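Colleague: First the structure, then my questions, so here it is.
Protein chains: 2
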Amino acid sequence: MSALKPTSGTDIDRMVRRLAEEAKAAAAVLALASTAAKNKALTEAAAAVRRRSAEILGANRRDLEAAEAKGLSAAFRDRLALDGKRVEAIARGLEEVAAQPDPIGTELARWTRPNGLDIARIRVPLGVIGIIFESRPNVTADAGGLCLKSGNAAILRGGSESLHSARAIHAALADGLRVAGLPAESIQLIPTTDRAAVGALLKLDDLLDVIVPRGGRALIERVAAESRIPVLKHLDGICHTYVDGAADLDMARKIVLNAKMRRTGICGATETLLVDRRAAKTHLNALIDDLIAAGCELRGDAETRALDPRVKEARPEDWDTEYLDAILAVRVVDGVEEAIDHIARHGSKHTEAIVTEDSAAAERFLSAVDAGIVMVNASTQFADGGEFGMGAEIGISTGKLHARGPVGAEQLTSIKYVVRGTGQVRP
Amino acid sequence: MSALKPTSGTDIDRMVRRLAEEAKAAAAVLALASTAAKNKALTEAAAAVRRRSAEILGANRRDLEAAEAKGLSAAFRDRLALDGKRVEAIARGLEEVAAQPDPIGTELARWTRPNGLDIARIRVPLGVIGIIFESRPNVTADAGGLCLKSGNAAILRGGSESLHSARAIHAALADGLRVAGLPAESIQLIPTTDRAAVGALLKLDDLLDVIVPRGGRALIERVAAESRIPVLKHLDGICHTYVDGAADLDMARKIVLNAKMRRTGICGATETLLVDRRAAKTHLNALIDDLIAAGCELRGDAETRALDPRVKEARPEDWDTEYLDAILAVRVVDGVEEAIDHIARHGSKHTEAIVTEDSAAAERFLSAVDAGIVMVNASTQFADGGEFGMGAEIGISTGKLHARGPVGAEQLTSIKYVVRGTGQVRP
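Take a look at the structure:
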């Protein structure tokens, strides 16, 4: 038993608690750090990522060899793999976060009461954010950088398969913090692959302010069930595109193909196509042709299958499935109201789109559909903080409390009321 | 077993689920209701409260008789009791909520991307809010009214001792909704005193969007531990007033006396007085005299007791106690830094105040203290949505996620991104 690889739950509990205590102390410094110091830490971290490139690639090679020995899939190893271009993207990502506006200290509102009390609502950091993620090594830099920008200390727990890569990237982040005169403990990485570390982290409700799980449904459900710390959930999405009877055919074809097939593995990909019965005869065959030509499997209701025998039969569970693959469920509905109703039953409140030239139908859809993002005449694949102009994001929140939609630096904050008086007492 | 008094857990589960399903259907209507309709429901509910005054007072008499028979304390019965004046205050409270601005539909931000996508961030209701509270009957109207104003459906579960009063008030709210043409199910009251109803409510994570527990620590901890629904916590407060060496003596005396003694049972009452060592000789004796003359018991550290033998000895737990009574813990500290440190260890992140004429000390305190409300030269008893000019409040949130500080109608909302395109697809 070496100190770096504790094997008992108690040792791990102790190690994780110590990391969190250090992070909490760092958070108090970071909350008051200047914009210049935080940005210097980010740009110096980017420089350190470039300088340490060979070391990061070497560490990544060790992770990849272990993944191969374990027989992990090619797709998994692709997500894990780094090369010179991906390392450069990590460095550039940190510089982009540095270039964003600093959300902290912003005065969101200020007013004076009749008794002379001056009240200001200002933006402050959340404190210490625990982030549990799976195997993409770049998340170490992305999540650590966003937390730093927003004045929060971070405790990162990455997938065990990427631990060597994460440690090498983390060393570069610590370099940046030190050069900027900020505590290196502002971004902590849990240096063990032991799964007990997740449980240990979830217990620390006296030290952590928020937990952000990034990964599959099983991880998020485990965290939500076990954690006594508030959770900011970043779920995947069952997104719909509804082609209205008044949709322009060319626009509908372009949007549906992009929404499903541009990248099938992202949370903003459309998983179900709803087509207005009025457009079934005129639009649906062309949509089916495009999708099948692009290699998409279609699973449709009886009306859709009647139009094209290549469409397979959709089973009830298809309406509730996030394929993250080249598969699309297709249903004919009776206008915008039935589309809204279908989405209320089967949507995941992520991103929902309507294609139509009828502005009344568009406004009805935009107001009645309950989701973080609602769109008219655009591809659901735009559901992304970068595409929204918000800079980097830690994910898309499908919860309704706190942040909803893309979560960037500004969303990783809280507020504080500052009251300035001249001796007022309450009558 | 009558339908109104289910006695098995299963019957109660079924009843509570049915109420929540009705509330969810009502929430979809309420989310799109006009400001005029919501305000009409509120003012008509106020009229119905006045019209049903005799009925409400009769129901309250039944609750009071039962409370007396059970031997509940006079203080408890006072919180439970209604009279003509209190009924009028309930009606006026509903009218005041009607007069507030409608937060729903407000465009919080809007921008256009280089590709022409038009993105707006707008305020939307949370959906269905469950509110679990103790025995003040007016909460039925206050909480129901705030939820309605913010376009949310409410499920109310009040203390069993006030059930008759709550049902009579609830009938008036339903009158108002009906006259305004809104679903009467927008505000549901769980009509049973069975404690299993709380557990049944906490299970409904498919129907409820938020749970707001209002009451003592035991209730809030039970809800936080049991609920899979996100919880907006409204805790009580361990608030501090720090008298700096540079404080004006007269101002400090006025503020400290008010902060502790104006009303001792509210969450914004000061529970610990911290005095700068530089002011101990000049200010502390006068502060002690004022407080003791007003009937306050003092529990101090050794330095405080050395100044006045009437001060009792503070034990370690006193620094972590919310007295909600005429008792104050007193400690001499070494300037603003030790005050900040004491508050970081013992505060509850509710409301913290400094009294000083030194603007550097004030700004240091305001920025370094982590609390929902930080104040300079004012009484902590101003911690209240009404005093902040925010209208009615459902409580003060001490959490950092979502609402922090006073929670009024605007804080019972979420956001939604509305994206308007002209056929854009993502490259």
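The listed protein sequences derive, respectively, from chains C and P. Whatever position you read off the first sequence (first residue = 1), add 345 for the numbering used here. Whatever position you read off the second sequence (first residue = 1), add 345 for the numbering used here. Idealized CB from N, CA, C, for every residue including glycine. Since we're looking at a predicted model, the values are computed, not measured.
Report the start-end ranges of each beta strand (DSSP E) in the region 629-712 of chain P that is 3 residues or longer and not cut off at the edges.
Modeller: 642-645, 672-678, 696-700
Colleague: Examine the Cβ distances between the region 385-396 of chain P and the region 453-471 of chain P and report whether three or more of them are shorter than 8 Å.
Modeller: no
Colleague: When Cβ atoms are compared, which residues of the region 727-738 of chain C fall closer than 9 Å to chain B?
Modeller: Protein chains in the displayed structure are C and P, and chain B is not among them.
Colleague: Can you give me the start and stop residues for the beta strand (DSSP E) that P:M720 sits inside?
Modeller: Mapped onto the second sequence, residue 720 of chain P falls at position 375. Its beta strand (DSSP E) spans residues 718-723.
Colleague: Taking any Cβ of chain P, which residues in the region 741-761 of chain C have a Cβ under 7 Å from it, in chain order?
Modeller: G744, K745, L746, H747, R749, G750, S759, I760, K761
Colleague: Measuring alpha carbon to alpha carbon, tell me which residue in C:A591, C:I401, C:I600, C:D428 is nearest C:H509.
Modeller: On the first sequence, residue 509 of chain C is found 164 positions in, with the first residue counted as 1. Of the candidates C:A591, C:I401, C:I600, C:D428, the one whose C-alpha sits nearest the C-alpha of C:H509 is C:I401.
Colleague: Could you check what DSSP says for P:R573 in three-state terms: helix, strand or coil?
Modeller: Taking the second sequence and counting its residues from 1, one reaches residue 573 of chain P at position 228. Note: P:R573 maps to coil in three-state DSSP.
Colleague: Are the C-beta of C:W664 and some C-beta of chain P separated by less than 8 Å?
Modeller: Within the first sequence, numbered from 1, the residue matching residue 664 of chain C stands at position 319. Answer no: the Cβ-Cβ gap between C:W664 and chain P never drops below 8 Å.
Colleague: Report the option in C:A513, C:I435, C:L652 whose CA atom is closest to the CA atom of C:A624.
Modeller: Taking the first sequence and counting its residues from 1, one reaches residue 624 of chain C at position 279. It is C:L652 whose Cα lies nearest to the Cα of C:A624.
Colleague: Please report the straight-line C-alpha distance between P:K578 and C:A420, rounded to a whole angstrom.
Modeller: Against the second sequence, residue 578 of chain P aligns to sequence position 233. Against the first sequence, residue 420 of chain C aligns to sequence position 75. Each residue's alpha carbon lies about 43 Å from the other.
Colleague: From C:D554, C:G692, C:A414, pick the residue whose C-alpha is nearest to that of C:L619; which is it?
Modeller: In the first sequence, counting from the first residue as 1, residue 619 of chain C sits at position 274. Closest option to C:L619, Cα to Cα, is C:G692.
Colleague: Should P:G610 be labelled buried (16 or more other beta-carbon atoms within 10 Å of its own) or exposed?
Modeller: As a first step, residue 610 of chain P is located in the second sequence; it is residue number 265 there, counting from the start. Burial call: exposed.
Colleague: Comparing C-alpha positions only, which one of P:V763, P:E755, P:A748 sits nearest to C:K761?
Modeller: In the first sequence, counting from the first residue as 1, residue 761 of chain C sits at position 416. It is P:A748.
Colleague: Against P:T767, what residues of chain C qualify as contacts under a CB-to-CB distance less than 7 Å, listed in chain order?
Modeller: For the purposes of this step, residue 767 of chain P is identified with residue 422 of the second sequence, where counting begins at 1. Neighbours of P:T767 on chain C, chain order: N722.
Colleague: Work out the CA separation of C:T743 and C:G475 for me, nearest whole Å.
Modeller: Here residue 475 of chain C is taken as the residue at index 130 of the first sequence, counted from 1. Here residue 743 of chain C is taken as the residue at index 398 of the first sequence, counted from 1. When rounded, the distance between both Cα atoms is 18 Å.
Colleague: Any residues in the region 457-491 of chain C with a beta carbon nearer than 7 Å to a beta carbon of chain P? Which ones, in chain order?
Modeller: R458, L462, I464, L471, G472
Colleague: Note down, in chain order, each residue of its chain lying with its Cβ closer than 6 Å to the Cβ of P:D447, except the 5 sequence neighbours on either side.
Modeller: As a first step, residue 447 of chain P must be located in the second sequence, where it is residue number 102. Taken in chain order, the residues that qualify are T380.
Colleague: Give me the chain C residues within the contact set of P:G717, using Cβ-Cβ distance strictly less than 9 Å, ordered along the chain.
Modeller: Here residue 717 of chain P is taken as the residue at index 372 of the second sequence, counted from 1. Within chain C, the residues near P:G717 are S759, I760, K761, Y762.
Colleague: What does the alpha-carbon distance come out to for the pair C:V776 and C:I688?
Modeller: Only positions 346 to 772 of chain C appear in this structure, which leaves residue 776 of chain C out of reach.
Colleague: Tell me the DSSP secondary structure of C:A542 in three-state form.
Modeller: Residue 542 of chain C sits at position 197 when you count from the first residue of the first sequence. In this structure, C:A542 counts as helix in the three-state DSSP scheme.
Colleague: Could you spell out the range, first to last residue, of the alpha helix (DSSP H) harbouring P:A488?
Modeller: Along the second sequence, read from residue 1 onward, the residue named residue 488 of chain P stands at position 143. From DSSP, the alpha helix (DSSP H) with P:A488 extends over 483-494.
Colleague: In terms of residue numbering, what span does the beta strand (DSSP E) encompassing C:A498 cover?
Modeller: Position 153 of the first sequence holds residue 498 of chain C. Membership of C:A498 in the beta strand (DSSP E) is indicated by the continuous run 498-502.
Colleague: Between which two residues does the alpha helix (DSSP H) containing P:F421 stretch?
Modeller: Position 76 of the second sequence holds residue 421 of chain P. Start and end: 419-425.
Colleague: With 16 other CB atoms within 10 Å as the buried threshold, where does C:R455 fall?
Modeller: The sequence position of residue 455 of chain C within the first sequence is 110, counting from 1. Counting the other Cβ atoms within 10 Å of the Cβ of C:R455 gives fewer than 16, which makes it exposed.
Colleague: Starting from C:I401 and walking both ways along the alpha helix (DSSP H), at which residues does that stretch end?
Modeller: On the first sequence, position 56 is the one that residue 401 of chain C refers to. For C:I401, the enclosing alpha helix (DSSP H) has its first and last residue at 398-414.
Colleague: Might you give, ordered along the chain, the residues of its own chain that have their beta carbon closer than 6 Å to the beta carbon of C:L669, omitting 5 neighbours on each side?
Modeller: Taking the first sequence and counting its residues from 1, one reaches residue 669 of chain C at position 324. Cβ neighbours of C:L669 beyond the five flanking positions: G610.
Colleague: Using the C-alpha atoms, what's the distance from P:R458 back to C:R644?
Modeller: Position 299 of the first sequence, counted from the first residue, corresponds to residue 644 of chain C. Position 113 of the second sequence, counted from the first residue, corresponds to residue 458 of chain P. Straight-line Cα distance between these residues: approximately 35 Å.
Colleague: The beta strand (DSSP E) with P:G768 in it runs from where to where?
Modeller: The residue you call residue 768 of chain P lines up with position 423 of the second sequence. Unbroken beta strand (DSSP E) run through P:G768: 758-769.
Colleague: Nearest chain C C-beta to P:N497 closer than 8 Å, yes or no?
Modeller: Here residue 497 of chain P is taken as the residue at index 152 of the second sequence, counted from 1. Chain C, which has no Cβ nearer than 8 Å to the Cβ of P:N497, makes this no.
Colleague: Decide if C:K430 is buried, meaning its Cβ has at least 16 other Cβ atoms within 10 Å, or exposed.
Modeller: Looking up residue 430 of chain C in the first sequence gives position 85. The Cβ neighbour count for C:K430, taken over all protein chains shown within 10 Å, is under 16; the residue is labelled exposed.
Colleague: Can you tell me the Cβ-Cβ gap for C:K781 and P:G768, rounded? I've got them flagged as a contact below 8 Å.
Modeller: Lying before the first or after the last residue shown, residue 781 of chain C is absent from chain C, which here runs from 346 to 772.
Colleague: Need the endpoints of the alpha helix (DSSP H) that C:A513 sits in, please.
Modeller: Here residue 513 of chain C corresponds to residue number 168 of the first sequence, with the count starting at 1. Segment 508-524, the alpha helix (DSSP H) holding C:A513.
Colleague: Can you pull out the residues from the region 546-569 of chain C whose beta carbon lies closer than 9 Å to at least one beta carbon of chain P?
Modeller: Going along the region 546-569 of chain C in chain order, one finds D554, V555, A569 with a Cβ nearer than 9 Å to chain P.
Colleague: What does the Cβ neighbour count give for P:T758, buried or exposed, with the cut at 16 atoms within 10 Å?
Modeller: The residue labelled residue 758 of chain P in the question sits at position 413 within the second sequence. So P:T758 counts as buried.
Colleague: Could you spell out where the beta strand (DSSP E) holding C:A465 opens and where it closes?
Modeller: Along the first sequence, read from residue 1 onward, the residue named residue 465 of chain C stands at position 120. Taken as a continuous stretch (DSSP letters only), the beta strand (DSSP E) holding C:A465 covers 463-470.
Colleague: Against chain P, with Cβ distances strictly below 8 Å, would C:V773 count as a contact?
Modeller: Because residue 773 of chain C is not part of the residues shown, which for chain C are 346 to 772, the question remains open.
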